[in-house]
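*Asks:* Numbering (my numbering), first residue to last: 1 to 1097. Even glycine gets a Cβ: it sits at the ideal position worked out from N, Cα and C. This is the structure I want to talk about, given as structure tokens.
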Amino acid sequence: MRKFNIRKVLDGLTAVSAVASASSAAQQQQAGNRETEIQETLQSEHFQLCKTVRHGFPYQPSALAFDPVQKILAIGTQTGALRLFGRPGVECYCQHDSGAAVIQLQFLINEGALVSALADDTLHLWNLRQKRPAILHSLKFNRERITFCHLPFQSKWLYVGTERGNIHIVNVESFTLSGYVIMWNKAIELSSKSHPGPVVHISDNPMDEGKLLIGFESGTVVLWDLKSKKADYRYTHDEAIHSVAWHHEGKQFICSHSDGTLTIWNVKSPTKPFQTITPHGKQLKDGKKPEPCKPILKVEYKTTRAGEPFIILSGGLSYDTVGRRPCLTVMHGKSTAVLEMDYSIVDFLTLCETPYPNDFQEPYAVVVLLEKDLVLIDLAQNGYPIFENPYPLTIHESPVTCCEYFADCPVDLIPALYSVGARQKRQGYSKKEWPISGGNWGVITQSYSEIIITGHADGSIKFWDASAITLQVLYKLKTAKVFEKSRNKDERPNTDIVDEDPYAIQIISWCAESRMLCIAGVSAHVIIYRFSKQEVTTEVIPMLEVRLLYEINDVETPDGEQVPPVPTPGTGSNPQSIVPQSHPSTSSSSSDGLRDNVPCLKVKNSPLKQSPGYQIELVIQLVWVSGEPPQQITSLAINSAYGLVVFGNCNGIAMVDYLQKTVLLNLGTIELYGSNDPYRREPRSPRKARQPSGAGLCDINEGTVVPEDRCKSPTSDVKDNSFSRSRSSSVTSIDKESREAISALHFCETFTRKADTSPSPCLWVGTTLGTVLVIVLNLPPGGEQRLLQPVIVSPSGTILRLKGAILRMAFLDTTGSLVPPAHEPWREHYEDKDEKEKAKKRRPVSVSPSPSQEISENQYAVICSEKQAKVISLPSQNCIYKQNITETSFVLRGDIVSLSNSICLACFCANGHIMTFSLPSLRPLLDVYYLPLTNMRIARTFCFTDNGQALYLVSPTEIQRLTYSQETCENLQEMLGELFTLVETPEAPNRGFFKGLFGGGAQSLDREELFGESASGKASRSLAQHIPGPGGIEGVKGAASGVVGELARARLALDERGQKLGELEEKTAAMLYSADSFSKHAHEMMLKYKDKKWYQF
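This is the structure in structure tokens:
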């Protein structure tokens, strides 16, 4: 490739076009040669993008339902999402297209269907008999607003109450309105002068299906006789009604009111309540009424054969309990238990042994849906303990600030994390099995293990087992416990860098093979952890302080480099006995009174007991410099084979030897260039230049630049870079934003200079201005010598350039296979003496993964920036392939990942596109518009991993996983669990001899006779509009291949006939709407089909 004079290029070479054409011609020739050498197996047909599963707590929940026979729980949200839960591992996510809030959910019990009512006045019928539920029918109300729905057990007629106080009846098979309507003015007293308000409750008498109890918001309750179409009884109360519940014998019902009272009514005594209870009211003397309390939002009345009934309610606390947490109250006989909740109660349901409302209910648990949690309470055990929740609903326990995704982890890793995490579990849970146990697991087609790591605002880190599209928490690490907590607001630490959450995790760097973990926090702190199965007490926490400057300082040597004398191996077996002199400067302010040389957080100085799991190896903190707080860390990398950790921010870069606890490198970004700075930047203040502090670092004098993409100015990409540098959100001034920050770091064993004949350990550094610099690492021999001799760090002089901030770097061997960084396999750190002797003899830099590292063979560097990707041949440093990924947007996340025994570059752009490119030729393989970047949460959490997997935080509480692999998309149907299983409906309760003889049992009702078209006529067409759903016949066909094949096939035949009838009715309606001239023919057609049942066609 043609060589260029670097000075001319930087001064503004005029023949840019000639250079570009010559350069591209050279690239094409080189590329042609390269293609013959490396066979690329990935093609476009290997890629397909689809969502797989959604984990976590449903964001902003609004509705709850339970199928007591199928044992499936449904939760609706304010954004129109629907989450269905069966046994642990069986979960499903669906979404209403409109995005309107779900106000109510009703299962068709044991039918594999669910009705959802939305705030936009639509009803939807979901088919749950397929692995991905779909809408069969929708009904849009045009003139009235839906407020309450009720579907009696084993009925196909759904009662729909509205804001106007009317009740309409919907046939759930055809999803059409009946002509039968209960008008509010017929239901209330004729003498009443005011409107009763919206319908807040509908239910039928458990012992008589012909009697419908209607609750109006104003306080009026009406018992409506469906056959005679008139009110039997009217019950009036001064206080507004929130909910109503029946006693199973149908002789009493209970109402909850806005003044914190419960009223129990005898059905046949409408004049006054049989009993009034104020569960949380203070009983006053002289027989006065108790003081009013907060509204009781819901009440349930459940009976037991053996004892007193349960009255369960939410709300109703007295007004003087300010600051008290929301409560669920369980009244059983004379005892009243008040159960405090962590969040406000959205809804609750009592789980009972029977689905029949006219039998003893035998309640055994209460499901409480909270604003940010789901709690199950065991009613059968004393003290009402809660069940241990097996679903992964605690992702948001503290807000997620970053996450990483790892596929194909070592097989022993998940068991190791699980064993240390099992000790962290709370005690005191119910001994019973989790009662939501419906559905069946899918077929596991993945053989590899996956781990997700989430970092949180409180400094905690959670490890999750994400294998086979499930999610289970393995282990939780609290990083904040290494720091002193301030007792009160006056004693706040020097956290001027952030207003709150000073321990929040920003970056996670993890080596799965060695199990070494390194985190960077928002207060410019880095903590290195080592995994151990043994408990240890650390007397003094090892720590270093680093003074990282941007403006050139007078100080000859940074304080952070005052390293301790290297201990001899004989000082003790506990590595924590190596204690660096961590406070070289005792003064916390400089001569001019500015805060100086102090970190943002204070490390504990008392002994720290560390449980098995991740234990602190070293704490590194950046310190204040002359009144300016340290800048947040923008990139981080750890290498277990070298024993090094490196991090950078908008000021510069620092490298630490965590085995010797010493700072090896501490440079401002400009100093990394030496005399070869393409921008010729000068120190920004009149202070004298600081001496470069790296061991053996001097001016770079053999600069070799690939000069294709000259940057326009140091700040030309600042606007675009704001997303990729979102981690340094507190750096708001233009001065700080325009600085060249360290944006990518990668340890590797490769060719560092053009003249190199063999690869050597080095660090590749990428900056936000698109520069890549290479630093050579000279490591001492392994074993004892590694702790005694220093690591020598020196510049290579290599400088490469791309457009936009550097995001990711990786290396390929001569066959095009990925060369992962060297790593040390994990072994227990606290071993006996024999093991230690063996360890001294073996060099830790093992697993150099490329077997073909002969002198004659080369490597390829893959570099991805915000704007483009390049593949550079090493050691020649020729750019052999280049791909401009985006012109108008910028890449938020780029990862080099393996798929189908090959590798590719996967990118997520700010314009919502997900793209993949082959390696090394960078051929576009996939480009799909997936989702727009609506908030920083997506940008902060999106990540790709191997085997075609990716994830991001779709809401503050939920992780969305997706795949870009065609093979996974094809296998997804098998991997998903089944919600619907074939379960026999329990037998109806026995009426008994005397009840049968004297008619005391439950009275049934022929609803078809009352609500059918022949009896009630057709409803007004303008009242509601029927919309066929997309998930009709196809959904049933999908279910037909499952466990319930025979049943589904039988239903398929019926549904096909029903659909044909539905289509015919739709055509008839269209003809009626289109022109009056067709009305006669349409009417004849309607009459022709009117008297036939839907299944007769």
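Need the endpoints of the alpha helix (DSSP H) that Tyr418 sits in, please.
*Replies:* Boundaries of the alpha helix (DSSP H) around Tyr418: 413 to 421.
*Asks:* Heavy atom of the ligand FAD less than 8 Å from the Cβ of Gly215, yes or no?
*Replies:* Judged by which ligands are present, the structure shown has none, so any question about the ligand FAD falls away.
*Asks:* Could you say if the segment 467 to 479 and the segment 419 to 437 meet the contact criterion of at least three C-beta pairs nearer than 8 Å?
*Replies:* yes
*Asks:* Between which two residues does the alpha helix (DSSP H) harbouring Met975 extend?
*Replies:* Start and end: 966 to 975.
*Asks:* Quick check on Val819: does DSSP put it in helix, strand or coil?
*Replies:* coil
*Asks:* Near Thr454, what residues of its chain come up, given a Cβ to Cβ distance below 6 Å and the 5 sequence neighbours on each side ignored?
*Replies:* Val400, Cys403, Lys462
*Asks:* Count the other CB atoms, across all protein chains shown, that sit within 10 Å of the CB of Arg54; report buried if there are 16 or more and exposed otherwise.
*Replies:* buried
*Asks:* For Ala654, which beta-bridge partners are listed by DSSP?
*Replies:* Ala654 is bridged to Phe647, Asn666.
*Asks:* Have a look at Ile436, Trp510, Pro415 and flag the residue whose alpha-carbon is nearest the alpha-carbon of Asp465.
*Replies:* Pro415
*Asks:* From Lys803 to Glu40, what does the alpha carbon distance come to, in whole angstroms?
*Replies:* 26 Å
*Asks:* Could you tell me whether any Cβ in chain D is nearer than 9 Å to the Cβ of Gln106?
*Replies:* Absent here is chain D; the protein component of the structure consists of one chain.
*Asks:* Please classify Trp441: does DSSP put it in a helix, a strand, or coil?
*Replies:* coil
*Asks:* Assuming Tyr180 contacts Leu1010 under a Cβ cut-off of 8 Å, what Cβ separation, rounded to an integer in Å, is found between them?
*Replies:* Indeed they touch by this definition, with Cβ atoms about 6 Å apart.
*Asks:* Would you decide whether Lys302 is buried or exposed? Buried here means 16 or more other CB atoms lie within 10 Å of its CB.
*Replies:* buried
*Asks:* Determine the direct distance from the alpha carbon of Asp501 to that of Val598, and round the result to whole angstroms.
*Replies:* 19 Å
*Asks:* Pull up the distance between the alpha-carbon of Leu212 and that of Ile444, whole angstroms please.
*Replies:* 48 Å
*Asks:* Compute the Euclidean distance between the alpha carbons of Glu484 and Tyr503, then round it to the nearest angstrom.
*Replies:* 11 Å
*Asks:* If we call anything under 9 Å between Cβ atoms a contact, is Pro292 one with Gly281?
*Replies:* yes
*Asks:* Quick one: grab the DSSP three-state call for Glu484.
*Replies:* coil
*Asks:* Have a look at Met543, Ser467, Cys409, Thr79 and flag the residue whose alpha-carbon is nearest the alpha-carbon of Ala119.
*Replies:* With respect to the C-alpha of Ala119, the residue from Met543, Ser467, Cys409, Thr79 having the closest C-alpha is Thr79.
*Asks:* Name the one or two DSSP bridge partners that Gly455 has.
*Replies:* Cys402, Ile461
*Asks:* For Lys298, does the count of other Cβ atoms within 10 angstroms reach 16, so buried, or fall short, so exposed?
*Replies:* Buried.
*Asks:* Alpha carbons only, please: which of Ile670, Asn110, Ile872 is nearest the one belonging to Asn649?
*Replies:* Ile670
*Asks:* Starting from the C-beta of Gly438, find all residues in its chain whose C-beta is less than 6 Å away, skip the five residues before and the five after it, and write them out in chain order.
*Replies:* Gln70, Lys71, Ile72, Gly86
*Asks:* If we count the other Cβ atoms within 10 Å of its Cβ and call it buried at 16 or more, is Gly627 buried or exposed?
*Replies:* exposed
*Asks:* Output needed for Leu1047: all residues of its chain with C-beta closer than 8 Å, excluding positions within five of it in sequence on either side, in chain order.
*Replies:* Because the pLDDT at Leu1047 is just 44, under 50, the model does not fix this residue reliably, and the value given afterwards should be weighed accordingly. Result list for Leu1047: Leu982, in chain order.
*Asks:* Starting from Met341, trace the beta strand (DSSP E) both ways and give me its first and last residue.
*Replies:* Neither: Met341 is in no beta strand (DSSP E) and is coded neither H nor E.
*Asks:* Select from Ile775, Leu812, Gly770, Pro790 the residue whose C-alpha is nearest the C-alpha of Ala805.
*Replies:* It is Gly770 whose Cα lies nearest to the Cα of Ala805.
*Asks:* Between which two residues does the alpha helix (DSSP H) carrying Phe1011 extend?
*Replies:* 1007 to 1011
*Asks:* By the DSSP assignment, the beta strand (DSSP E) with Asn127 in it spans what residues?
*Replies:* 122 to 127
*Asks:* Measuring alpha carbon to alpha carbon, tell me which of Ala1019, Asp1006, Cys969, Leu1023 ends up nearest Cys50.
*Replies:* Cys969
*Asks:* Going by beta-carbon coordinates alone, are Phe387 and Lys334 separated by less than 9 Å?
*Replies:* no
*Asks:* Helix, strand or coil for Val961, going by three-state DSSP, please let me know.
*Replies:* What sits at residue 961 in the sequence shown is Arg, not Val. DSSP places Arg961 in strand when its eight states are reduced to three.
*Asks:* The alpha helix (DSSP H) spanning Trp184 covers which residue range?
*Replies:* Where Trp184 is concerned, the enclosing alpha helix (DSSP H) starts and stops at 184 to 187.
*Asks:* Within a Cβ cutoff of 7 Å, which residues of the same chain sit near Val603, ignoring the five residues on either side of it in sequence?
*Replies:* Val482, Phe483, Ile541, Met543, Val619
*Asks:* Could you give the first and the last residue of the continuous alpha helix (DSSP H) run that contains Ala939?
*Replies:* 936 to 941 is the extent of the alpha helix (DSSP H) around Ala939.
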